[in-house]
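> I have a structure I would like to understand better, so I am pasting it below and will then ask my questions one at a time.
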Amino acid sequence: MNLQYLFDSAGNTTGVFIPIEEWNTLKKKYMGIDDEVIAISSWQVDEVKDRLVDYRKNPNQRLDFDSAMADIEKDL
1 MNLQYLFDSA
11 GNTTGVFIPI
21 EEWNTLKKKY
31 MGIDDEVIAI
41 SSWQVDEVKD
51 RLVDYRKNPN
61 QRLDFDSAMA
71 DIEKDL
């Protein structure tokens, strides 16, 4: 992909330019990529918030991805 990064006067990245041909390819591959709003159900937002609260209370009880998958697969 031939991306061009845009920078402000302080050198901070402020945007990305994608050539139109590549943008059109992405739009075909990922339908809805150019939609401005992606609706997320309120129950999903609440679930993420609850999980973040729980994580902040118990950060040592988290599982990395491989451990979580192993825990799930052991009962299959």
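All residue numbers for the sequence shown refer to this note's numbering, where the first residue is 1 and numbers rise by one. Cβ coordinates follow ideal geometry from the N, Cα and C atoms, glycine included. The structure presented is a predicted model; accordingly, all values stated were derived computationally and were not measured.
Between the Cα of Ile-18 and those of Leu-3, Asn-24, Leu-76, spot the shortest distance and give me the residue it belongs to.
By one-based count along the sequence shown, residue 18 stands at place 18. Selected option, being the one with the closest Cα: Leu-3.
> If you follow the beta strand (DSSP E) that Val-16 is in, where does it begin and where does it stop?
Position 16 of the sequence shown, counted from the first residue, corresponds to residue 16. Residues 13-17.
> Kindly indicate the opening and closing residues of the alpha helix (DSSP H) around Gln-4.
Here residue 4 is taken as the residue at index 4 of the sequence shown, counted from 1. No alpha helix (DSSP H) holds Gln-4; the beta strand (DSSP E) holding it covers 4-7.
> Could you check the C-alpha separation between Ile-38 and Ala-70 for me, to the nearest Å?
Within the sequence shown, residue 38 is the residue found at index 38, counting from 1. Within the sequence shown, residue 70 is the residue found at index 70, counting from 1. Roughly 32 Å separates the two Cα atoms.
> Tell me which residues share the same chain as Thr-13 and place their Cβ nearer than 8 Å to its Cβ, disregarding the 5 neighbours each side in the sequence.
Translated into the one-based positions of the sequence shown, residue 13 becomes position 13. Here Thr-13 has Tyr-5, Leu-6, Phe-7 as same chain residues with Cβ atoms under 8 Å from its own Cβ, once five neighbours each way along the sequence are excluded.
> Below 8 Å on the Cβ atoms is my guess for Lys-27 versus Asp-34; work out the distance and round it to an integer in Å.
Position 27 of the sequence shown, counted from the start, is the residue given in the question as residue 27. Position 34 of the sequence shown, counted from the start, is the residue given in the question as residue 34. With a Cβ gap of about 6 Å, Lys-27 and Asp-34 count as contacting.
> Rounded to whole angstroms, what is the Cα-Cα separation between Met-31 and Asn-24?
Translated into positions along the sequence shown, residue 31 becomes position 31. Translated into positions along the sequence shown, residue 24 becomes position 24. The straight-line gap from Cα to Cα measures roughly 11 Å.
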